[in-house]
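Notes for the one structure printed next.
Number of protein chains: 2
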Amino acid sequence: MKIEVRKNILQTNAAAAARNRELLGQHDVCMVNLMASPGAGKTSTIIRAIENAGPLRLAVIEGDIASEIDSLAIEALDVTALQINTGGSCHLTAAMISSALGYLELEELDLIIIENVGNLVCPAEFDLGETARVMIASVAEGDDKPHKYPLMFREVDAVLVNKIDLLPYCDFDLDEFRQLVGRLNPRAPIIELSCKDGDGAGAWSRWLTDTAAKVTG
Amino acid sequence: MKIEVRKNILQTNAAAAARNRELLGQHDVCMVNLMASPGAGKTSTIIRAIENAGPLRLAVIEGDIASEIDSLAIEALDVTALQINTGGSCHLTAAMISSALGYLELEELDLIIIENVGNLVCPAEFDLGETARVMIASVAEGDDKPHKYPLMFREVDAVLVNKIDLLPYCDFDLDEFRQLVGRLNPRAPIIELSCKDGDGAGAWSRWLTDTAAKVTG
């Protein structure tokens, strides 16, 4: 019974995701779904992407249980940011993104970055109609997260390791982490990043630009 | 329709939680539900509690999507640790805890610590039948989390601020954080902790001992 309900929710979501994907395809817009634990640096990572966006025309969709502090931080950079407050829901759904897309001028955009709700579990299960999925692991979280959240690590197209400036102060073995991730998902590049210092921001932007280029041509 | 389903799930859970609470009451056992983001230091915080447990007879229930690395770490300290793997579920339920309690000799215990799934959202909604709820915020996550996960901060009986050893390297304003938490939940003490260095481990253990004493008499 419970499984049936869940199956129906995921089927409904998949249909909405397919419609989002079709709409974005019609306008040659790339959409990246950015997922991470609370406090791993999602908003800072988006801000670094904006600073290095070059000619890419960009908008942001912010997902949070409550508050609009993240979208205000993005708008301060003169980038369109839509805030979705999910209420109690621990993940964004394709229907929520569909509503948000209605507020954007898609013909004026190359790239939409979605900041999902801070959670390593359910966001991995909900297709939003995105072009690519990215997760951020923070050095402060420890190197054992691939053991505990394997679906998230398997489902993404790139893994950002943020807060590498904290490496000297945390028990985080980068080689061990790379091996664990590589076993779950050999095709995803692992990009080291320090949003604080800006290290790795160029590599992250190149990945975004390359991914967008596959869509915008 | 979706709301009804959710309501039924929460009602079923509340009934199972009440049964757990009754069972624990019969044996004068205190149960603490420990919640936090992935990588905030839940297992390390439990290890510090074990090291400073004094005469308290303790067992641990570990909740994770996958893997048993945390329960193995606890068992290495000669403490009984039961691992619950939730599969896809982003939170523990009272029914899962009920199953685990069946494996414990309750008359031989004073305190059970539950490590919930790493998630600041859904665990706050699911009563497990616990005596008290504790959350851990990590300094590395930033001081803005009360804005984004207000329910979690409202629902707990104590807030641990872990990784205070990282304060010099992170943008975390402890006064600001204390004010935000105090507005959401004035009755919860805020305990500063460094599981790495052991700072604050005494205060955390005193809180646990005092909380257990209310039950064990």
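So the protein lines, in turn, are chains A and B. Just so we're aligned: 118 in our numbering is position 118 of the first sequence, and the numbers increase by one with no gaps anywhere. Just so we're aligned: 333 in our numbering is position 116 of the second sequence, and the numbers increase by one with no gaps anywhere. Ideal Cβ positions, reconstructed from N, Cα and C, are used throughout, including at glycine. These numbers come from a predicted model, not from an experiment.
With respect to chain A, the C-beta atom of B:Lys365 has a partner C-beta closer than 8 Å.
In the structure shown, B:Cys247 adopts extended strand secondary structure according to DSSP, grouped into three states. In the three-state scheme derived from DSSP, where H, G and I count as helix and E and B as strand, A:Ala76 is classed as coil. Here the alpha carbons of B:Ala233 and B:Ser422 stand approximately 29 Å from one another. CA-CA distance, B:Ala266 to B:Ala418, rounds to 7 Å. Per DSSP, the continuous beta strand (DSSP E) segment holding A:Ala158 begins and ends at Ala158 to Asn162. B:Gly280 is bridged by DSSP to B:Ile301. B:Arg350 sits in a strand when the DSSP states are folded into three classes. Beta-carbon to beta-carbon, B:Leu318 and B:Asn333 are separated by about 15 Å, too far to satisfy the 8 Å threshold. Judged by pairs of C-beta atoms under 8 Å, the region 28–44 of chain A touches the region 357–368 of chain B, as three or more such pairs exist. DSSP places A:Leu180 within a helical segment (H, G or I) once states are collapsed to three. Contact between the region 296–304 of chain B and the region 70–87 of chain A is absent: fewer than 3 CB-CB pairs across the two stretches fall below 8 Å. For B:Val356 and B:Ile381, the gap between their C-alpha atoms comes out near 6 Å. Remark: fewer than three beta-carbon pairs, one from each stretch, lie closer than 8 Å, so the region 367–381 of chain B and the region 71–78 of chain A are not flagged as touching. By the Cβ criterion, the region 238–252 of chain B is in contact with the region 340–358 of chain B, since at least three pairs of Cβ atoms, one from each stretch, lie closer than 8 Å. Under the DSSP assignment, B:Glu409 falls in the beta strand (DSSP E) whose first and last residues are Ile407 to Glu409.
Membership of A:Leu111 in the beta strand (DSSP E) is indicated by the continuous run Leu111 to Glu115.
In the structure shown, B:Leu241 adopts helical secondary structure according to DSSP, grouped into three states. Under the Cβ criterion of 8 Å, B:Gly280 is not counted among the residues facing chain A.
Around the Cβ of B:Ser306, a 10 Å sphere holds 16 or more other Cβ atoms; the residue is buried.
Its chain contains Gly258, Ser261, Thr262, Arg265 and Asn379 as the residues whose beta carbon lies nearer than 7 Å to that of B:Cys412, once the 5 sequence neighbours on both sides are disregarded; these appear in chain order. Residues Asp143 of the same chain have their beta carbon placed closer than 6 Å to that of A:Phe177, with the five preceding and five following residues left out of the count. It is roughly 24 Å from the alpha-carbon of A:Asp64 to the alpha-carbon of B:Gly280.
Measuring C-alpha to C-alpha distances from A:Ile113 to each of A:Lys7, A:Met152 and A:Asp70 identifies A:Asp70 as the nearest. The Cβ of A:Glu125 sits closer than 8 Å to at least one Cβ of chain B.
In the DSSP assignment, B:Asp427 falls within the alpha helix (DSSP H) that extends over Ala418 to Thr433. Taking a Cβ-Cβ cut-off of 8 Å, the neighbours of B:Tyr386 in chain A comprise Asp165, Leu166 and Tyr169, given in sequence order. Taking the Cα positions, B:Ala354 is about 13 Å away from B:Ala405.
Rounded to whole angstroms, B:Val246 and A:Ala132 show a C-alpha spacing of 48 Å.
In the DSSP assignment, A:Ser138 is bridged to A:Asn162. A Cβ of chain B is located within less than 8 Å of the beta carbon of A:Ser67. The shortest C-alpha to C-alpha distance from A:Leu184 to any of A:Ala14, A:Leu151, A:Thr211 and A:Gly198 is the one to A:Leu151. Boundaries cannot be given for A:Thr93, as no alpha helix (DSSP H) includes it and DSSP labels it neither H nor E.
Using a Cβ-Cβ cut-off of 8 Å, B:Asn336 is close to Cys90, Asn119, Leu120 and Val121 of chain A, given in chain order.
Secondary structure of A:Ala40 (DSSP, three-state): coil.
With a contact defined as Cβ atoms closer than 8 Å, A:Ala203 and A:Asp110 miss out at about 19 Å.
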